[in-house]
């Protein structure tokens, strides 16, 4: 009896075969490009390709460029798995990619285009993404996943407030809208991390210890969500620092307590698992940073924002992109060594950005050094994963 032959790939270009492929590649590449431009502004005084204040341009592109691309790749991969519906691929996926790219080009050319045109083009992508995923989610009746189209709708609203200030329609809404968007992504990180981290940890550890108990407590899960919402609402509403700091501390405690049955220490020999724990751990750490800043003044006011963004969002994006990029292309779930290095570099970048202002007054040191570490991390990911994301599965299967 002859062994069954493994089907051979029929094409060498599979970029539009599954939603994670183009959007993870775009997220990795744009993480490098946008931060490289941002660092050049500080190092060499280069002018941004935009009339916006540099800090607003930087924050907008890290959220609505990099983070939204990563979220799109995740959702367009997860939703077919959750709902059992066909994935978006081929020409429809290519159209979504073009809409995302058009938004980035328009935002980079906002000095050459009318503000209305920039707003329309930049804001087009998230509604298109909602159109791609909302139907299957709602049709499946899986109520716990209804949150994700809701999060995206909040993103549309937040981006609208950002552009409203640029258009002169509102005052002081751009910075507030960016904080709102950060918190939307933080909630997604906490929700997704709370689902996948215990499950993937159990899958990895049960191979050597079938009796291990990796679990979450439903009561703690409710406390996590309620405490996060309270802390976020207080900050966005401009509550007194002592109140917002106290609520942030409560959220940090709840999020940390949530991990007590996740057996984090036993994952340290498996990078593709421990990085999920690290990404989640950044969320309570970020809330703790906010408490330290608001209550005691031990950290700068923006320390928590960089813990949320560079730390929690950056680490989780890298963790999910590497795991999904390997698993959904039929490869073993073993993080390549350069990618393991990237995991560590992102955390060092976040720590440098948070504590740099406390340790030195040299602006270049606590902006450019973290930027270089971030660029190195996502440059490694992009270099290693570009062939994986562009090429076909080794087993010849579609996807």
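Residue numbers (the numbering used here): 16 to 414. Note that CB positions come from ideal geometry on N, CA and C, so glycine has one too.
Cβ pair residue i, residue j closer than 9 Å
i, j, result
"residue 366", "residue 334", "no"
"residue 176", "residue 192", "yes"
"residue 202", "residue 247", "yes"
"residue 295", "residue 196", "no"
"residue 239", "residue 269", "yes"
"residue 46", "residue 89", "no"
"residue 289", "residue 326", "no"
"residue 395", "residue 339", "no"
"residue 65", "residue 124", "yes"
"residue 163", "residue 94", "yes"
"residue 265", "residue 300", "no"
"residue 130", "residue 182", "yes"
"residue 7", "residue 198", "In the structure as shown, the chain begins at 16 and stops at 414. Residue 7 is therefore absent and cannot be evaluated."
"residue 34", "residue 121", "no"
"residue 421", "residue 51", "No information on residue 421 is available, as it lies outside the stretch 16 to 414 that the chain covers here."
"residue 140", "residue 114", "yes"
"residue 37", "residue 404", "yes"
Sequence-distant residues of its chain with Cβ nearer than 6 Å to residue i (five each side left out)
i, result
"residue 228", "none"
"residue 32", "104, 414"
"residue 19", "Note that residue 19 has pLDDT 34, beneath the 50 cutoff, so the model's placement of it is unreliable and no number is given."
"residue 136", "117, 118, 121"
"residue 382", "57"
"residue 217", "229"
"residue 331", "204, 294"
"residue 169", "199"
Contacts around residue i, its chain only, beta-carbon distance under 8 Å, and the 5 residues preceding and following it disregarded
i, result
"residue 388", "360, 361, 363, 364, 367"
"residue 154", "98, 100"
"residue 107", "147"
"residue 157", "97, 98"
"residue 187", "180"
Cutoff 7 Å; reference residue i; Cβ partners in own chain excluding five residues on either side
i, result
"residue 291", "208, 211, 212, 215, 334"
"residue 160", "97, 152"
"residue 277", "212, 213, 216, 229, 292"
Supposed contact pair residue j and residue i - C-beta distance, whole angstroms, cut 8 Å
i, j, result
"residue 317", "residue 257", "Their Cβ separation, rounded to whole angstroms, is 19 Å, which puts residue 317 and residue 257 out of contact at 8 Å."
"residue 402", "residue 355", "18 Å between Cβ atoms; not a contact."
"residue 109", "residue 39", "The Cβ separation is near 15 Å, so there is no contact."
"residue 53", "residue 73", "5 Å"
"residue 324", "residue 77", "7 Å"
"residue 272", "residue 235", "6 Å"
"residue 314", "residue 373", "7 Å"
TODO: Determine, using beta-carbon pairs with one atom in the region 375-388 and one in the region 340-356, whether at least three such pairs fall under 8 Å.
DONE: no
Are there three or more Cβ pairs, one per stretch, closer than 8 Å when the region 93-101 is compared with the region 143-160?
yes
Is it true that the region 277-289 meets the region 305-312, where meeting means three or more beta-carbon pairs spaced less than 8 Å apart? no
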